[in-house]
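There are 2 protein chains.
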Amino acid sequence: MDPADYPHFLEQLRHDREQGASALARACLRAAAFSARDAPASESGGLRRLLIKRAGELAGIRPTMAPIGNLLGRWQRALDEAPAENLAQFRARAAALAEALISESEQALEQAAAHACRVIGPGRRILTHSLSASVLACFRRLRARGVTAIASESRPLNEGRRLAEQLAGWSIPVSLITDAQLGLFAAEADLALIGADRVLADGSVVNKAGSYLLALAARDRGIPFYVCCEGFKAAPGLDAPLEEMAGSELGYPQRPGILPRNTYFDITPARLISAWFTERGGSDHWVLSPT
Amino acid sequence: MDPADYPHFLEQLRHDREQGASALARACLRAAAFSARDAPASESGGLRRLLIKRAGELAGIRPTMAPIGNLLGRWQRALDEAPAENLAQFRARAAALAEALISESEQALEQAAAHACRVIGPGRRILTHSLSASVLACFRRLRARGVTAIASESRPLNEGRRLAEQLAGWSIPVSLITDAQLGLFAAEADLALIGADRVLADGSVVNKAGSYLLALAARDRGIPFYVCCEGFKAAPGLDAPLEEMAGSELGYPQRPGILPRNTYFDITPARLISAWFTERGGSDHWVLSPT
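Protein chains in written order, with our numbering: chain V, 23 to 313; chain C, 23 to 313.
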């Protein structure tokens with residue numbers, strides 16, 4: 023990364039609508055590691071201050087996505103506590119700390135998926151909404167075990183279609199439905215499975231808008247509703263209102279009197295969730311505190 | 023109508039994705055009235071047989087939409103029972119019978135809307151899904167009474183956007199949302215209101231896919247869920263599977279391994295419905311038998 027590119031890179035991350043919370047958090051950590059190696063500094067104290075400042079900027083880009091704040095906060099605290107040393111040593115340490123957090127996040131996600139897959143088992147028909155890295159990790163583990171998928175498109179940007187393409191690439195048969203058909207297809211699925219952008223202290227799950235509808239339908243149809251995510255998704259509560267993006271993403275021409283609304287997330291109450299799977303295992307109640 | 027055009031007109035009605043059940047039923051009755059006046063016949067007995075056959079064809083074009091079958095069935099029976107008379111008299115009688123049913127359907131819809139509006143009252147924020155003629159009739163009656171609307175787009179063909187345009191034309195402020203946000207916005211509405219394509223004997227409502235999700239969200243958020251429709255929507259049960267249309271309507275390129283599914287309707291169980299409004303009034307239980 024060209025040091026002068028950091029503001030541009032920050033803006034790219036801020037406007038990224040492709041990656042989920044886990045992946046975007048790791049992209050921020052990669053930006054942090056690049057910064058550690060390349061940011062302009064003449065001595066380690068100045069670099070430490072600059073990196074702590076950048077960690078704060080990165081942590082705040084998507085306030086609903088808990089792992090971004092949690093992982094960048096972890097890096098920020100580690101930098102704050104790192105011993106004084108020369109510039110080259112500090113650069114290497116700061117970069118290594120960010121990369122260790124990337125690995126920790128990846129491992130947590132894989133472990134959470136492994137725990138979920140033990141309960142899901144082979145041959146099941148899994149209904150999911152939006153595109154979650156942990157849900158994809160579950161499907162990758164189950165791809166030779168006869169599972170099938172029903173994926174909702176997840177308007178407005180249709181991440182569900184990208185999930186369906188990945189599943190098709192793994193030869194997992196997948197039905198692609200509109201979000202409006204989630205209730206109908208809950209009757210044809212064995213279980214519902216989603217990831218999370220944020221899990222609140224009581225286990226309520228903030229995830230792509232529509233997740234709450236899926237949870238209601240799963241409850242009404244009598245199928246389990248599972249959440250699979252890393253502990254880095256834990257947060258005490260909401261720090262900010264649920265993110266609302268540009269109404270123009272809905273793709274309609276502007277017209278006086280019509281206000282397009284585009285809130286990205288909704289909150290699924292804990293009472294609608296059958297089990298949470300994290301790197302610590304599966305549980306029918308939420309036990310993790312924010313990291 | 024050019025008599026030779028009837029097959030073409032029938033196909034147009036069969037593939038109409040613009041009009042709801044009420045409007046399409048009336049369009050079928052208009053086709054019936056045109057047929058009565060213009061269909062080739064040399065004597066009234068032959069015309070009667072031809073019109074009864076055409077009534078059966080029209081009745082079957084959209085098996086989920088009850089008023090089409092009910093109204094064309096009514097016309098068919100009236101033709102069957104009509105007295106023998108000369109060709110010109112029979113043409114006039116058959117056309118008048120169809121036109122009377124159009125008026126009866128329009129009046130029933132307006133009366134149902136009037137009953138619903140008495141309960142809804144002024145100033146309320148109304149959440150609706152898809153595009154229903156009876157819901158539009160309610161908004162038209164309430165347009166000077168300070169109501170506001172939240173309309174879901176209703177994928178795949180986005181009839182909700184057309185509803186929003188009509189409401190904006192009446193200066194009713196309207197928020198246009200993705201179907202996935204129905205759960206989120208149920209928390210901001212005073213009530214949910216939909217029409218119906220078909221009401222089963224127990225009061226369960228067949229309507230555009232997503233209606234069931236809205237009903238679940240309304241129940242969970244503690245707001246009433248109202249259905250407003252004419253008695254011509256009543257049917258003993260489903261005569262056929264819920265209609266599934268071309269997956270290509272979802273707008274995605276074909277890809278091996280991905281099956282787009284496009285079921286137009288879902289069923290909202292009677293237990294989720296707070297009240298039904300028809301031309302006979304409002305009730306917290308469904309009382310109408312098929313007509």
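Just so it is clear, CB atoms sit at the ideal spot from N, CA and C, and this is done for glycine as well.
Quick caveat, the model's predicted, so the values are computed rather than measured.
Residue range of the beta strand (DSSP E) that V/ASP288 falls in?
Here residue 288 of chain V refers to the residue found at position 266 of the first sequence. It spans 287-290 - the beta strand (DSSP E) in which V/ASP288 sits, taken as one unbroken run.
What does the Cβ neighbour count give for C/HIS151, buried or exposed, with the cut at 16 atoms within 10 Å?
Within the second sequence, numbered from 1, the residue matching residue 151 of chain C stands at position 129. It counts as buried.
Does the Cβ of C/GLY253 have 16 or more other Cβ atoms within 10 Å, making it buried, or fewer, making it exposed?
One-based indexing of the second sequence puts residue 253 of chain C at position 231. The residue is buried, with at least 16 neighbouring Cβ atoms inside 10 Å.
Applying a beta-carbon distance threshold of less than 8 Å, which residues of chain C neighbour V/PRO195?
By one-based count along the first sequence, residue 195 of chain V stands at place 173. Those within 8 Å of V/PRO195 in chain C are GLY279 and LEU281.
Looking at chain V, is there any beta carbon in it that lies within less than 8 Å of the beta carbon of C/ILE74?
For the purposes of this step, residue 74 of chain C is identified with residue 52 of the second sequence, where counting begins at 1. Chain V, which has no Cβ nearer than 8 Å to the Cβ of C/ILE74, makes this no.
Taking a contact to mean a Cβ-Cβ separation below 8 Å, would you say V/VAL228 touches V/LEU235 in this structure?
Translated into positions along the first sequence, residue 228 of chain V becomes position 206. Translated into positions along the first sequence, residue 235 of chain V becomes position 213. No, they are not a contact pair.
Which residue marks the beginning of the beta strand (DSSP E) containing C/GLY182, and which one marks its end?
As a position in the second sequence, residue 182 of chain C is number 160, starting the count at 1. Counting along the chain, C/GLY182 falls outside any beta strand (DSSP E), though it belongs to the alpha helix (DSSP H) covering 181-191.
Under the DSSP definition of a beta bridge, which residues are partnered with V/ARG220?
For the purposes of this step, residue 220 of chain V is taken as residue 198 along the first sequence, with counting starting at 1. DSSP lists V/VAL228 as partners of V/ARG220.
Compare the C-alpha of C/SER242 against each of C/ALA211, C/ARG99, C/ASP224 and C/SER270 and name the closest.
In the second sequence, the residue the question calls residue 242 of chain C occupies position 220. One detail in the question is off: residue 242 of chain C reads as Asp in this sequence, not Ser. Selected option, being the one with the closest Cα: C/ALA211.
Determine the chain V residues that contact C/THR86 at a beta-carbon separation under 7 Å, and present them in chain order.
Counted from its first residue, the second sequence places residue 86 of chain C at position 64. Correct list: empty, because the minimum Cβ distance to chain V is about 13 Å.
Is the shortest distance between the beta-carbon of C/SER200 and the beta-carbons of chain V less than 8 Å?
In the second sequence, the residue the question calls residue 200 of chain C occupies position 178. Note on residue identity: the sequence assigns Thr, not Ser, to residue 200 of chain C. Yes, C/THR200 lies at the interface with chain V (some Cβ there is under 8 Å from its Cβ).
So for C/HIS151, helix, strand or coil by DSSP?
Residue numbering aside, residue 151 of chain C sits at position 129 when the second sequence is read from its first letter. C/HIS151: strand per DSSP, three-state reduction.
Please classify C/GLU103: is it buried, with 16 or more other beta-carbons within 10 angstroms of its beta-carbon, or exposed?
Stepping through the second sequence from its first residue, residue 103 of chain C is reached at position 81. Exposed, by the Cβ-count rule.
With a 10 Å radius around its C-beta and 16 neighbouring C-beta atoms as the bar for buried, classify C/ALA166 as buried or exposed.
In the second sequence, the residue the question calls residue 166 of chain C occupies position 144. Its Cβ having fewer than 16 others within 10 Å, C/ALA166 is exposed.
If you compare alpha carbons, which of C/GLY95, C/ARG96 and C/ALA116 is closest to C/PRO105?
In the second sequence, the residue the question calls residue 105 of chain C occupies position 83. Here the closest residue by C-alpha is C/ALA116.
Thinking just about the alpha-carbon of each residue, which of V/GLY273, V/LEU215, V/ARG293 and V/ILE295 is nearest to the one in V/GLY143?
Within the first sequence, the letter at position 121 stands for residue 143 of chain V. When only C-alpha atoms are compared, the closest one is V/LEU215.
Per DSSP, V/TRP97 is paired with what?
To locate residue 97 of chain V, count along the first sequence from 1; it is residue 75. Bridge partners of V/TRP97: none, in fact.
Using CA atoms only, rank isn't needed, just tell me which of C/LEU123, C/ALA43, C/TYR28 and C/LEU204 is closest to C/ARG220.
Translated into the one-based positions of the second sequence, residue 220 of chain C becomes position 198. When only C-alpha atoms are compared, the closest one is C/ALA43.
Between C/LEU51 and C/LEU101, how many whole angstroms is the CB-CB distance? I'm expecting something under 8 Å.
Here residue 51 of chain C is taken as the residue at index 29 of the second sequence, counted from 1. Here residue 101 of chain C is taken as the residue at index 79 of the second sequence, counted from 1. Contact flag wrong, Cβ pair sits at about 12 Å.
Output, in chain order, the set of chain V residues within a Cβ distance shorter than 8 Å of C/GLY205.
As a first step, residue 205 of chain C is located in the second sequence; it is residue number 183 there, counting from the start. The contacting residues are ALA231, GLY232, TYR234, LEU235, LEU238 and ASP288.
Looking at chain C, is there any beta carbon in it that lies within less than 8 Å of the beta carbon of V/ARG39?
Here residue 39 of chain V refers to the residue found at position 17 of the first sequence. It does not; no Cβ of chain C falls within 8 Å.
From C/GLN129, C/LEU206, C/GLN276 and C/GLY273, pick the residue whose C-alpha is nearest to that of C/ILE245; which is it?
By 1-based counting over the second sequence, the position of residue 245 of chain C is 223. It is C/LEU206 whose Cα lies nearest to the Cα of C/ILE245.
Roughly how many angstroms lie between the CA atoms of C/ALA208 and C/LEU164, to the nearest whole one?
The sequence position of residue 208 of chain C within the second sequence is 186, counting from 1. The sequence position of residue 164 of chain C within the second sequence is 142, counting from 1. Cα to Cα, C/ALA208 sits roughly 20 Å from C/LEU164.
Taking beta-carbon pairs under 9 Å, can you tell me which members of the segment 163-185 of chain C lie near chain V?
Here the close residues are ILE172, ALA173, SER174, GLU175, SER176, ARG177, PRO178, ASN180 and ARG183.
Comparing alpha-carbon positions, which option in C/ALA256, C/GLN133, C/LEU189 and C/SER156 lies nearest C/GLU301?
Mapped onto the second sequence, residue 301 of chain C falls at position 279. Nearest of C/ALA256, C/GLN133, C/LEU189 and C/SER156 to C/GLU301, Cα basis: C/GLN133.
Which bits of chain V does C/THR285 rub up against, with CB to CB less than 7 Å?
Within the second sequence, numbered from 1, the residue matching residue 285 of chain C stands at position 263. Under the 7 Å cutoff, chain V gives GLN203 and LEU206.
Let me know the secondary structure DSSP gives C/GLY42 once reduced to three states.
Position 20 of the second sequence holds residue 42 of chain C. If DSSP states are grouped into helix, strand and coil, C/GLY42 belongs with coil.
If the cut is a Cβ gap below 9 Å, which residues of chain C does V/TYR274 touch?
One-based indexing of the first sequence puts residue 274 of chain V at position 252. What V/TYR274 touches in chain C: GLU175, ASN180, ARG183, ALA186 and LEU198.
According to DSSP, what are the bridge partners of C/THR280?
As a working note, residue 280 of chain C is residue 258 in the second sequence. The amino acid occupying residue 280 of chain C in the given sequence is Ile; Thr does not appear at that position. DSSP lists V/VAL196 as partners of C/ILE280.
Considering only the alpha carbon of each residue, which of V/ARG39, V/SER66, V/ALA55 and V/PRO85 lies closest to V/LEU264?
Taking the first sequence and counting its residues from 1, one reaches residue 264 of chain V at position 242. Here the closest residue by C-alpha is V/PRO85.
Taking the alpha-carbon of V/GLU79 as reference, which of V/PHE31, V/ARG162, V/LEU149 and V/SER233 has the nearest alpha-carbon?
Position 57 of the first sequence holds residue 79 of chain V. Of the candidates V/PHE31, V/ARG162, V/LEU149 and V/SER233, the one whose C-alpha sits nearest the C-alpha of V/GLU79 is V/PHE31.
Write down the C-beta distance between C/ILE74 and C/LEU35 rounded to the nearest angstrom, noting that I regard them as a contact closer than 8 Å.
Mapped onto the second sequence, residue 74 of chain C falls at position 52. Mapped onto the second sequence, residue 35 of chain C falls at position 13. With a Cβ gap of about 18 Å, C/ILE74 and C/LEU35 do not count as contacting.
Beta-carbon of C/ALA256 versus every beta-carbon of chain V: anything under 8 Å?
Position 234 of the second sequence, counted from the first residue, corresponds to residue 256 of chain C. Closer than 8 Å: no.
I'd like to know whether the C-beta of V/ALA190 is nearer than 8 Å to at least one C-beta of chain C.
The residue given as residue 190 of chain V occupies position 168 in the first sequence. V/ALA190 counts as touching chain C.
When the Cα of V/GLY269 is compared with those of V/LYS255, V/LEU131 and V/TYR286, which residue comes out closest?
Sequence index remark: in the first sequence, residue 269 of chain V carries index 247 (1-based). Out of V/LYS255, V/LEU131 and V/TYR286, V/TYR286 has the C-alpha closest to the C-alpha of V/GLY269.
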